[in-house]
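Q: In the UniProt record's numbering, the protein residues as written are 1 to 709. Just so you know, even glycine gets a beta-carbon here, dropped at the ideal spot from N, CA and C.
(1) DSSP has residue 138 in a bridge; who is on the other side?
(2) Taking all protein chains shown into account, do 16 or more other C-beta atoms lie within 10 angstroms of the C-beta of residue 164, making it buried, or fewer, making it exposed?
(3) Whole angstroms are fine: how far does the CA of residue 324 sit from the CA of residue 250?
(4) Count the other CB atoms within 10 Å of the CB of residue 353; is the residue buried (16 or more) or exposed (fewer)?
(5) Please list the terminal residues of the continuous alpha helix (DSSP H) segment that includes residue 181.
(6) Name, in chain order, the residues that DSSP records as bridge partners for residue 597.
(7) Mind checking who residue 644 pairs with in its DSSP beta bridge?
(8) Which same chain residues, not among the five before or five after residue 530, have their C-beta less than 7 Å away from its C-beta?
(9) Using the three-state DSSP reduction, which class does residue 11 fall into: helix, strand or coil?
(10) For residue 412, which residues from the same chain have a beta carbon less than 6 Å from its beta carbon, with the 5 sequence-adjacent residues on both sides left out?
(11) What residue from 684, 67, 682 and 699 has the CA that sits closest to residue 690's CA?
(12) Look up residue 462 in the DSSP assignment and say whether it is helix, strand or coil.
(13) Given a threshold of 16 other Cβ atoms within 10 Å of its Cβ, counted over all protein chains shown, does residue 480 qualify as buried or as exposed?
(14) Do residue 98 and residue 340 have their beta-carbon atoms positioned less than 7 Å apart in this structure?
(15) Is the beta carbon of residue 582 less than 7 Å from the beta carbon of residue 618?
(16) How far does the alpha helix (DSSP H) with residue 519 in it extend, from its first residue to its last?
(17) How far does the beta strand (DSSP E) with residue 365 in it reach, from first residue to last?
(18) Taking DSSP as the reference, what is the three-state secondary structure of residue 379?
(19) Between the Cα of residue 61 and those of 630, 478, 423 and 573, spot the shortest distance and give me the residue it belongs to.
(20) Would you please state the rounded distance, in angstroms, between the beta carbons of residue 100 and residue 491? I believe it to be under 8 Å.
(21) Of all the CB atoms in chain D, is at least one closer than 7 Å to the CB of residue 643?
(22) Just the Cα atoms here: how many angstroms apart are residue 297 and residue 327?
(23) Is the separation between the beta-carbon of residue 578 and that of residue 56 shorter than 7 Å?
(24) Measure the C-alpha to C-alpha separation of residue 378 and residue 137 and round it to an integer number of angstroms.
(25) Take every Cβ of the region 445 to 458, pair it with every Cβ of the region 395 to 411, and state whether three or more of those distances are shorter than 8 Å.
(26) Can you name the start and end residues of the alpha helix (DSSP H) that residue 51 belongs to?
(27) Give every residue of the same chain whose Cβ lies closer than 6 Å to the Cβ of residue 175, excluding the five residues on either side of it in the sequence, and list them in chain order.
(28) Quick one: grab the DSSP three-state call for residue 188.
(29) Using CA coordinates, which residue listed in 131, 356, 459 and 80 is at the minimum distance from residue 44?
(30) What do you reckon, are the CB atoms on residue 285 and residue 242 nearer than 7 Å?
(31) Does residue 32 come out as helix, strand or coil in the three-state DSSP assignment?
(32) In whole angstroms, give me the CA-to-CA distance for residue 336 and residue 454.
(33) Considering only residues of the same chain and omitting the five flanking positions on each side of residue 375, which have a CB-CB separation below 6 Å?
(34) If you run the structure through DSSP and keep just helix, strand and coil, what is residue 218?
(35) If you draw a straight line from the alpha carbon of residue 275 to that of residue 580, how long is it in whole angstroms?
(36) List, from N- to C-terminal side, the alpha helix (DSSP H) runs of 4 residues or more that fit wholly inside the region 545 to 592.
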């Protein structure tokens with residue numbers, strides 16, 4: 001009788017920012033069981049549906065395992081597998097040829113969200129991107145979190161020096177435009193949010209949510225207030241107005257410019273905020289007073305307030321709300337982390353810089369060496385010196401995840417050359433000349449360089465690969481290494497870098513990510529070692545977040561906080577001139593589902609079963625006023641496009657608001673070889689407008705004016 005081999009392994013789910021620890025059951029090389037690891041000091045046994053499905057990604061028949069080359073174009077295109085050397089040579093030749101013939105800026109690079117979840121991408125992918133001197137670098141940052149990073153740079157001296165809500169000790173948690181019940185936190189790594197919320201309540205605390213939709217988080221909050229999309233800035237400035245006028249501020253000695261802040265918010269009364277947002281003035285006053293009086297309060301704003309026209313003003317006001325109430329650097333307030341590898345203190349990630357150069361066509365400002373991805377299409381389509389002619393994407397699907405995806409789709413189809421590092425043929429990579437597929441999640445070692453920096457507790461964890469890579473597979477860092485070596489050797493005929501710099505760069509690219517993590521942990525006074533972490537794959541607990549770190553933790557040149565950056569003052573002046581919302585106008589917002597992972601995992605059967613989640617949500621009163629019925633197919637139009645989608649009546653959105661999910665409803669993105677890939681379906685980004693930008697350059701995806709008929 002044949003016996004089955006059954007193993008129990010410790011793993012990690014790095015699909016989202018929660019980075020939950022896993023216990024995996026593996027039978028004959030197949031994941032047959034997944035549960036949360038109760039010994040993990042951060043995730044504490046928590047797991048969500050995406051974590052349960054992590055084995056499906058590993059075994060997905062749609063996933064590419066060998067390089068493929070596109071033969072032909074359009075509907076007649078087909079794909080054939082090729083060897084690694086041939087594929088890498090084709091990509092290196094295409095990239096080097098473009099740059100040599102048309103200049104550095106003729107190449108565009110786009111890094112998708114999964115890059116920050118991969119150790120190899122962090123150690124080698126960023127280095128590859130930086131080796132190209134093009135100004136046309138883009139990433140998912142500018143459709144997600146750019147206001148946070150701009151303010152981290154301006155207020156605290158580093159783009160990732162971002163204070164984290166001390167949710168394990170706070171007594172008042174104010175949430176704006178965030179849904180941690182579905183997301184497990186974002187720019188706040190908070191696995192087991194439901195458990196932590198129960199603990200908050202058990203110690204007498206409260207959670208208050210402001211959101212245009214009654215989200216999963218709003219439904220379990222102590223209070224939920226509807227707020228009209230795009231008007232959070234009025235509400236937040238009114239909260240500050242109340243704090244200043246009623247003398248409720250407690251300002252640290254290391255902060256400058258508070259008088260200017262007080263003058264700035266003087267005209268933003270709760271009554272004005274009510275006119276703009278729909279939140280009653282009395283409720284705004286009460287929330288401000290309760291927040292100031294709490295024994296530890298934390299304000300947290302996320303993607304709903306980042307991805308709107310005044311996203312930077314909103315995120316600045318969130319930071320200042322914590323600051324002027326004495327809740328910055330306070331237990332139960334918002335605190336900076338102390339990770340074992342401090343990517344901020346060690347200089348592994350740059351401080352950030354703003355507006356050193358601008359995009360060629362629209363003159364949009366850069367941040368940290370990246371331009372807003374909303375300008376990518378025009379940089380491809382507009383002729384002239386510096387026109388983008390070639391593209392390299394890494395783990396990204398910008399056609400589905402950035403504004404006006406249909407127009408970007410057409411632009412990418414016309415490129416001279418396009419290469420992708422990706423495990424799927426999707427709505428974007430279907431246009432690639434060559435796709436290089438790396439190993440994935442369970443086949444590579446993992447250490448979080450970024451999310452330990454943003455976690456609600458100080459921990460460290462190194463997770464060895466669960467499965468060995470196949471003989472004919474490559475890790476992402478090996479792909480980046482080989483591309484770097486090939487491209488630089490081809491380009492030396494035109495531009496030869498100094499010998500010492502070349503030797504150092506090549507040596508670093510040849511070091512594995514695991515080796516580099518070991519070096520970083522051994523140096524710089526780290527709190528643990530790789531040897532210790534290998535003994536404890538569940539993770540090592542380094543304790544709760546610590547108060548009393550300021551001003552020493554600041555990276556500003558003055559060593560102080562300048563409370564009112566010029567970019568914010570200028571944009572508040574623009575806000576003053578903005579007309580208040582028009583009654584009867586419909587405003588479109590997105591929504592996140594716990595079973596989705598941004599623009600992918602929609603071809604995973606386990607996650608797409610059950611009740612449909614693709615519909616347009618609309619208030620019954622808005623349906624009735626347009627003579628529309630629940631369940632009918634409607635046409636939604638914006639300035640840039642239109643879609644047809646089933647509508648669902650619900651009072652979970654406020655009147656005047658409609659909601660469509662991000663990247664959902666398309667067909668199976670990864671197709672079998674020989675079958676056309678990526679039949680795009682209905683997504684919010686068929687309607688979002690690339691002309692609508694926050695002052696930081698972040699796309700204003702929320703609050704898009706639409707009609708529904």
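A: If we stick to the structure as given:
(1) 110
(2) buried
(3) 5 Å
(4) exposed
(5) 180 to 183
(6) 600
(7) 635
(8) 462, 517, 518 and 521
(9) strand
(10) 431
(11) 699
(12) strand
(13) buried
(14) no
(15) no
(16) 513 to 522
(17) 365 to 367
(18) helix
(19) 423
(20) 7 Å
(21) Looking at the structure shown, chain D is missing, and only one protein chain is on hand.
(22) 6 Å
(23) no
(24) 14 Å
(25) no
(26) 49 to 52
(27) 209 and 300
(28) coil
(29) 459
(30) yes
(31) strand
(32) 8 Å
(33) 359, 362 and 364
(34) helix
(35) 7 Å
(36) 566 to 577
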